[in-house]
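Protein sequences, first through last, are from chains A and B.
Using this note's numbering, the first residue of the first sequence is number 1481, and each one after it goes up by one.
Using this note's numbering, the first residue of the second sequence is number 1481, and each one after it goes up by one.
Number of protein chains: 2
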Amino acid sequence: MAVTLKDVAALAGVSRSAVSRTFTEGASVSAKTRSKVEKAAKELGYSPNALASSLTTGRTKLIGLISNNFHNPIFLEVFDQFTRALQERGLRPLIVNLTDETEPANSVRMLRQYSVDAAIVASSTLPPSFAKAFHDAGVPVVHTFGRSATSPEVHVVGIDNVECGRMAARELRARGYKRIGYLGGPKDATSAMDRFRGFMEEVERHPVLEVSHSFAGAYSFEAGREEMLRLLKDDPAEGYFCGDDILSIGALSALSDHGLKPGKDVGIIGLNDMEMSRWESVNLTTIHQPIKQIITSSVDLVEEMLKDPQRYPEARIFPCRLIERGTLRPRL
Amino acid sequence: MAVTLKDVAALAGVSRSAVSRTFTEGASVSAKTRSKVEKAAKELGYSPNALASSLTTGRTKLIGLISNNFHNPIFLEVFDQFTRALQERGLRPLIVNLTDETEPANSVRMLRQYSVDAAIVASSTLPPSFAKAFHDAGVPVVHTFGRSATSPEVHVVGIDNVECGRMAARELRARGYKRIGYLGGPKDATSAMDRFRGFMEEVERHPVLEVSHSFAGAYSFEAGREEMLRLLKDDPAEGYFCGDDILSIGALSALSDHGLKPGKDVGIIGLNDMEMSRWESVNLTTIHQPIKQIITSSVDLVEEMLKDPQRYPEARIFPCRLIERGTLRPRL
DNA sequence: CAACGCATTGCAACCGATTGCAAGTCCGAT
DNA sequence: ATCGGACTTGCAATCGGTTGCAATGCGTTG
């Protein structure tokens, strides 16, 4: 059915090796042979079978992209950036949607079956052990948005979530909020835990602050909204750090239900600075996470690993910064 | 490096064929051999190389998923559904992000290089000829969200955009809007054209209606907002059909800038019924497109094609329905 | 006990490419 | 005219599996 090396070789009147060589960078072929082959290839509409060649070269240019976050709009930006960045380098994203899986075994097996050159775990909720499983199975891996560590077991690219937690607490305090709350993502998400830890660290340095906390069921609008509705039934705090912009937006929706004005009646600070947070109707004060740089850097790292699979694990942590908008009252 | 058939065969003391056969459904192996092989395989942590086997079987279970719409939040839902549906059937999504490409040649070549079993073009903007290019190159293809036709050249799954345009016009008229407008997606998007056509068809049946139209630069929040800001400078219509929810949401943001209340001062009806449209702060009256059914049906169709590549092309068109929320005034 | 039939097994060719090696070609230099 | 060296080229083995075919072994039957 499909046109193969052999067909081209036959038409061009050369050996199969000659054809192979005209299609591989830096191989030794005369101009004459090359042009004969190219002519024949064009005539037949030949393009080399990447999978067959992977057998001998050991490279597929396939990169597993594993994620479990298909409900947070920020991930549309993430996918866009990742697929672009990979494509620009001639790499092909093979997607794994974890849905509710938290065990790496299946993904590891599947990606090994397809001989991916490397894997990217794009998730702020999965523990380091998840990414480690790929490493242990011999699949080079980068954990993007993973838990930062001073001595990581696998490559990690992302932000310092603990520091972000501190930053949020500092901001709330700087604006005179006394009774403050943390409204985090799922309790078992590493990012939710780390942000919480940093938040509490900072709070505890200032005994005057009164603190409460709760965890939403997911990083999603609905979860944020529901959690805030629940909080509003009791005795809500004056200002909240929501562990993610989409939670914040859910929370804002709950506030509006109760006729409360964000930034005036209740303070909200998010994290991510996603596109939507800039919308006038949202106008969320938030901590900016440099998504684009993180992703570019992740893919750079993937390329480095392809060159040197033994590369010593590295953590690339990017700084975050406050984006002042309308959901926190001004600094005192 | 990796464990191969041969290693397992050696350890189990059988031939390579025997190992291969224990891993292929319905092959003839005795229980004794099978258990020996399984034991050896487990011991070595063997799992078959899907790419190598694809060489002889001609099946990779790789499905190309091609899209150009990474800025419309609806596509997060789309990707989630697609990746899930494919995985459930043991198929693997290989993503192609078209960014700004509109020529199929590159994608076709790439997907052929990776011997995908089939391709799904998920786009409401690309013309039928785009999907046809895959078909012509011998890659079975389904065009999801593609232009519907009575005699399609390739499989199409989606909605009748012309009818949606009519429906929108009918609704605006039924609510007493006289000066109405179409605010569509990009001029060259098939969905934008078709919705416009239906809209105009219906309008022309009622000479009392005064109509205007314009096309946004993209299916995105920013584009919708900008277009509406531009319209508000002149002499805006009383009610608009926005070609997509995300355009509508952009438009709503522009209205709010001008202190205009949707549903009261200006009517807006969208199309898609994405998650966000249900948010209280949005509360968009819109035409629901049954995304989930469309995607499930698309993947079903892919499976059918794998069984019978010569399958006669088919259009599966799903009905849409109005979702009444707050951005259109009540029916007269 | 021999012959038969069937399930199981291994051999070897093949899928579409790459690559080390040895043979062949071409050229200029002596 | 001869030689040496640098390029080209094709052969054949290989990557990790699959599969048609023939051989083997087994139990059963007459």
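No residue lacks a Cβ here, since even glycine has one placed at the ideal position from N, Cα and C.
Ends of the alpha helix (DSSP H) at residue i?
{"i": "B/G1704", "result": "1701 to 1713"}
{"i": "A/A1511", "result": "1511 to 1524"}
{"i": "B/F1816", "result": "Since the displayed chain B opens at 1481 and closes at 1812, residue 1816 of chain B lies outside it and no answer follows."}
{"i": "B/M1595", "result": "Per the sequence shown, the amino acid found at residue 1595 of chain B is Ser instead of Met. B/S1595 -> no alpha helix (DSSP H), and no H or E assigned at all."}
{"i": "A/G1544", "result": "A/G1544 -> not in any alpha helix (DSSP H); beta strand (DSSP E) instead, spanning 1542 to 1547."}
{"i": "A/L1732", "result": "1725 to 1737"}
{"i": "A/V1642", "result": "1641 to 1654"}
{"i": "A/T1537", "result": "1530 to 1537"}
{"i": "A/L1574", "result": "Taken as a continuous stretch (DSSP letters only), A/L1574 belongs to no alpha helix (DSSP H), being part of the beta strand (DSSP E) at 1572 to 1577."}
{"i": "B/S1500", "result": "1496 to 1502"}
{"i": "B/E1557", "result": "1554 to 1568"}
{"i": "B/D1487", "result": "1485 to 1492"}
By the DSSP assignment, the beta strand (DSSP E) with residue i in it spans what residues?
{"i": "B/F1614", "result": "Careful: B/F1614 lies outside any beta strand (DSSP E), inside the alpha helix (DSSP H) at 1608 to 1616."}
{"i": "B/R1791", "result": "Per DSSP, B/R1791 belongs to no beta strand (DSSP E) and is neither H nor E."}
{"i": "A/C1800", "result": "Unbroken run through A/C1800: none, as it is neither H nor E."}
{"i": "A/E1633", "result": "It is not in any beta strand (DSSP E) - A/E1633 carries neither H nor E in the DSSP assignment."}
{"i": "A/N1752", "result": "1747 to 1752"}
{"i": "A/E1760", "result": "Note, A/E1760: premise wrong, no beta strand (DSSP E); not H, not E."}
{"i": "B/E1690", "result": "1690 to 1695"}
{"i": "A/R1659", "result": "1659 to 1664"}
{"i": "B/F1721", "result": "1719 to 1722"}
{"i": "A/V1622", "result": "1621 to 1624"}
How many whole angstroms separate the CB atoms of residue i and residue j, which I take to be in contact at a CB cut-off of 8 Å?
{"i": "B/A1648", "j": "B/G1626", "result": "Wrong, their Cβ atoms sit about 20 Å apart, outside the cutoff."}
{"i": "B/V1762", "j": "B/L1786", "result": "At roughly 40 Å, the Cβ-Cβ gap does not stay under 8 Å, so B/V1762 and B/L1786 are not in contact."}
{"i": "B/Y1699", "j": "B/N1552", "result": "5 Å"}
{"i": "B/V1779", "j": "B/R1569", "result": "7 Å"}
{"i": "B/Q1567", "j": "A/N1577", "result": "6 Å"}
{"i": "B/T1540", "j": "A/I1575", "result": "About 15 Å; that fails the 8 Å criterion."}
{"i": "B/I1639", "j": "B/F1798", "result": "6 Å"}
{"i": "B/H1635", "j": "B/L1781", "result": "5 Å"}
{"i": "A/T1670", "j": "A/P1607", "result": "6 Å"}
{"i": "B/L1735", "j": "B/V1746", "result": "6 Å"}
Counting only C-beta atoms, is residue i closer than 7 Å to chain A at any point?
{"i": "B/Q1593", "result": "yes"}
{"i": "B/L1556", "result": "yes"}
{"i": "B/R1496", "result": "no"}
{"i": "B/P1584", "result": "no"}
{"i": "B/R1758", "result": "no"}
{"i": "B/R1589", "result": "yes"}
{"i": "B/P1553", "result": "yes"}
What does residue i reach in chain B if we use C-beta pairs closer than 7 Å?
{"i": "A/I1575", "result": "T1563, P1573, I1575"}
{"i": "A/Q1567", "result": "N1577"}
{"i": "A/F1614", "result": "Near A/F1614 there are no residues of chain B at all, since even the closest Cβ is about 14 Å away, more than 7 Å."}
{"i": "A/F1798", "result": "Within chain B, no residue comes near A/F1798; the closest Cβ sits about 22 Å away, beyond 7 Å."}
Between residue i and chain B, is there a C-beta pair that is closer than 7 Å?
{"i": "A/D1560", "result": "yes"}
{"i": "A/S1534", "result": "yes"}
{"i": "A/F1550", "result": "yes"}
Residues of chain A with a CB under 9 Å from the CB of residue i: which are they?
{"i": "B/S1761", "result": "I1729, L1732, S1733, S1736, S1761, V1762"}
{"i": "B/N1529", "result": "L1535, R1592, Q1593, Y1594, S1595"}
Who are the neighbours of residue i on chain A, taking C-beta pairs under 8 Å?
{"i": "B/T1540", "result": "L1531"}
{"i": "B/F1610", "result": "The contacting residues do not exist; B/F1610 stays about 18 Å from chain A at best."}
{"i": "B/F1503", "result": "What B/F1503 touches in chain A: nothing, since even the nearest Cβ is about 11 Å away."}
Counting only Cβ pairs nearer than 9 Å, list the residues of chain B close to residue i.
{"i": "A/F1625", "result": "Correct list: empty, because the minimum Cβ distance to chain B is about 16 Å."}
Check the Cβ of residue i against every Cβ in chain B and list those closer than 8 Å, keeping chain order.
{"i": "A/F1701", "result": "E1755, M1756, W1759"}
*Is the stretch 1798 to 1810 of chain A touching the stretch 1654 to 1662 of chain A in the sense that three or more CB pairs, one from each, lie closer than 8 Å?*
The stretch 1654 to 1662 of chain A is in contact with the stretch 1798 to 1810 of chain A.
*Evaluate contact between the stretch 1752 to 1766 of chain A and the stretch 1553 to 1562 of chain A, counting only Cβ atoms and requiring at least three cross-stretch pairs below 8 Å.*
A contact exists between the stretch 1752 to 1766 of chain A and the stretch 1553 to 1562 of chain A.
*Touching or not, the stretch 1691 to 1707 of chain B and the stretch 1530 to 1544 of chain B, by the rule of three or more beta carbon pairs under 8 Å?*
The stretch 1691 to 1707 of chain B is not in contact with the stretch 1530 to 1544 of chain B.
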